[in-house]
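Student:
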Amino acid sequence: MTSPSNTSSAADPIQAYLDRGLRNYWYPVAPSWQVANAPIGLTRLGEQIVLWRDQDGHVHALEDRCPHRGARLSLGWNLGDRVACWYHGVEVNGGGTVTKVPAVSNCPLEGQQCVKSYPVKERAGAIFLWFGDDAHKEPAPLDLPEELVSDEHSHFLCMSHWKCNYQYAIDNVMDPMHGAYLHASSHSMAEGDKQADMRVRKTETGLIFEKVNQRGVNFDWVELGETGCLWMRLAIPYKKKFGPGGSFGIIGFATPVDENNCQVYFWRTRKVSGWQRDAWRFLYRNRLEGLHWAVLEQDRYVLESMAPNARDHEFLYQHDVGMTRVRRMLRQRAQQHFDALDTLRAGAGAGEGGSTTRHIHA
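Printed below as a string of structure tokens:
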């Protein structure tokens with residue numbers, strides 16, 4: 208299990224905050240098919256969460272904790288717009304309010320909102336949750352890349368659990384040069400130069416990191432965007448024998464589980480319509496999906512095998528410019544979140560007429 212840096216995190220609260228998961232974004236937390244009738248429990252950004260669907264098919268998300276004794280709500284029953292704890296039957300609705308305590312008449316716990324709830328959106332075959340801090344409880348709009356919302360594109364969702372911190376997964380995608388080496392024997396990244404000059408270009412939503420003199424040959428560029436969520440986009444050129452639709456696109460997310468684990472969500476996309484959509488989807492399921500998993504497993508194996516505290520001992524060079532730019536951006540976001548929380552708490556302290564002391568809260 209790979210963490211960015213146990214030593215530097217202890218002395219650097221901003222890095223410790225980043226290691227646990229950057230807040231104030233929408234994150235995919237589960238594929239849609241995973242949440243059916245029975246409540247399910249999962250951990251994301253170090254928080255234990257229960258998900259379930261109501262009678263209309265809408266997904267609800269709560270802190271996975273009964274307010275009575277702390278039993279896991281995910282072990283209980285789905286009652287539609289609420290869940291009932293297996294331990295004593297306490298019922299909690301999708302807003303986190305206790306609606307019934309069947310073991311006691313007129314229990315004062317009823318009507319109390321005492322369990323954290325999460326804003327939920329279901330998009331592109333996945334369930335997204337908003338992880339806001341106290342200064343950002345209202346979620347930002349969730350705008351996904353066009354490949355996931357446009358009728359001109361077809362996509363498949365691929366999800367995998369990696370035993371490494373999510374920052375390593377982001378670093379990996381923001382490193383196009385590794386395709387020509389790690390994936391050199393793959394079906395799609397065997398071509399192109401083994402050397403390249405790299406550059407960063409700004410976009411309206413983030414940046415593009417690309418090879419200067421090579422395009423459409425290998426993993427030659429990657430884009431990072433911030434649109435209420437943090438996503439990455441890349442394209443791999445495909446030969447005609449791999450079906451219609453031109454380049455094979457990937458939209459990627461890295462969702463923190465805890466400091467040592469993450470889940471990666473990679474939507475595999477192609478711009479196809481009509482009969483070509485059907486042809487590509489058939490070809491993907493019957494021929495290409497296994498090849499793509501082989502490539503993904505190469506990434507997973509390398510990242511899970513990194514040296515302990517690998518980031519403390521790096522010697523970076525020009526090919527790492529895009530990765531370091533993104534690292535700096537994420538750290539800036541973390542600092543902004545700290546500052547917003549400090550301002551909020553300072554205002555609350557002043558309103559109570561007491562003195563305020565600056566603390567860093569992760």
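Going from the sequence shown to our numbering is simple: count from 1 and add 207. We put the beta carbon where it would ideally sit given N, CA and C, even for glycine.
1) May I ask you to report which of helix, strand or coil DSSP gives residue 341?
2) Please go through the same chain and pick out, in chain order, the residues whose beta-carbon is closer than 6 Å to the beta-carbon of residue 346, but skip the five residues on each side of it.
3) So residue 431 is in the beta strand (DSSP E); what residue range does that whole segment cover?
4) When we look at the beta-carbon of residue 427 and count the other beta-carbons within 10 Å, is it buried (16 or more) or exposed?
5) If you measure between the beta carbons of residue 543 and residue 221, is that distance less than 8 Å?
6) From what residue to what residue does the alpha helix (DSSP H) around residue 235 run?
7) Note down, in chain order, each residue of its chain lying with its Cβ closer than 7 Å to the Cβ of residue 314, except the 5 sequence neighbours on either side.
8) Tell me whether the region 352-364 and the region 291-311 touch, counting them as touching only if at least three CB pairs, one residue from each stretch, are closer than 8 Å.
9) Enumerate in chain order the residues of its own chain whose CB-to-CB distance from residue 151 is below 6 Å, with the five nearest sequence positions on each side excluded.
10) Just tell me which of 266, 239, 528, 261 has its CA closest to the CA of residue 403.
11) In chain order, what residues of the same chain lie with their CB nearer than 8 Å to the CB of residue 510, ignoring the 5 residues before and after it?
12) So what does residue 472 bridge to, in DSSP terms?
13) What is the DSSP secondary structure of residue 400, counted as helix, strand or coil?
14) In or out: residue 462 buried (at least 16 other Cβ within 10 Å) or exposed?
15) Drop a sphere of 10 angstroms on the beta-carbon of residue 320, count the other beta-carbons inside from all chains shown, and report buried for 16 or more, exposed for fewer.
16) Check whether the region 238-247 and the region 256-271 touch, using three or more Cβ-Cβ pairs below 8 Å as the test.
17) Would you kindly report the start and end of the unbroken alpha helix (DSSP H) that includes residue 354?
18) Starting from residue 572, trace the beta strand (DSSP E) both ways and give me its first and last residue.
19) Helix, strand or coil for residue 391? Go by DSSP, reduced to three states.
20) Tell me where the beta strand (DSSP E) around residue 406 begins and ends.
21) What number of angstroms, rounded off, separates the C-alpha of residue 488 from the C-alpha of residue 524?
22) Using beta-carbon positions only, say whether residue 471 and residue 459 come within less than 8 Å of one another.
23) Enumerated in chain order, which unbroken segments of the beta strand (DSSP E) with a length of 3 residues or greater are wholly contained in the region 281-344?
24) Taking just the CA atoms, how far does residue 445 sit from residue 537?
25) Would you mind reading off the limits of the alpha helix (DSSP H) that contains residue 249?
26) Could you check which residue in 539, 483, 241, 496 has the C-alpha nearest to that of residue 334?
27) Using the rule of at least 16 other Cβ atoms within 10 Å of the residue's Cβ for burial, across every protein chain shown, is residue 520 buried or exposed?
28) Can you give the beta carbon distance from residue 548 to residue 435, rounded, assuming they're within the 8 Å contact cut?
29) Indicate whether residue 236 and residue 251 have their beta-carbon atoms separated by less than 8 Å.
30) For residue 418, is the classification buried or exposed, using 16 other Cβ atoms within 10 angstroms of its Cβ as the cut-off for buried?
31) According to DSSP, residue 270 sits in a beta bridge with which residue or residues?
32) Which value, in whole angstroms, describes the spacing of the CA atoms of residue 414 and residue 422?
33) Could you give the DSSP three-state label for residue 536: helix, strand or coil?
34) Taking C-alpha atoms, which residue in 530, 353, 494 lies nearest to residue 381?
35) Could you tell me the boundaries of the alpha helix (DSSP H) in which residue 227 lies?
36) Where do the N-terminal and C-terminal ends of the alpha helix (DSSP H) with residue 489 fall, by residue?
Tutor: Well, looking at it:
1) coil
2) Result list for residue 346: 326, 337, in chain order.
3) 428-433
4) buried
5) Taking 8 Å as the cut-off, the Cβ atoms of residue 543 and residue 221 do not count as close.
6) That residue, residue 235, is in no alpha helix (DSSP H); its beta strand (DSSP E) goes 232-238.
7) 308
8) no
9) Not covered by the structure: residue 151. The range shown for the chain is 208 to 569.
10) Residue nearest to residue 403 within the set 266, 239, 528, 261 is 528 (criterion: CA-CA distance).
11) 209, 369, 371, 375, 376, 379
12) Looking at the DSSP output, residue 472 shares a beta bridge with 366, 460.
13) coil
14) buried
15) exposed
16) yes
17) Taken as a continuous stretch (DSSP letters only), residue 354 belongs to no alpha helix (DSSP H), as it is neither H nor E.
18) In the structure as shown, the chain starts at 208 and stops at 569, and residue 572 therefore has no counterpart that could be examined.
19) coil
20) 405-409
21) Computed Cα separation, rounded: 40 Å.
22) yes
23) 289-291, 298-300, 305-307, 327-330, 333-338
24) 32 Å
25) Run containing residue 249: none in the alpha helix (DSSP H); it sits in the beta strand (DSSP E), 247-251.
26) 241
27) exposed
28) Contact doesn't hold; Cβ gap of about 20 Å is too wide.
29) yes
30) buried
31) 256
32) 17 Å
33) helix
34) 530
35) 220-227
36) 481-490
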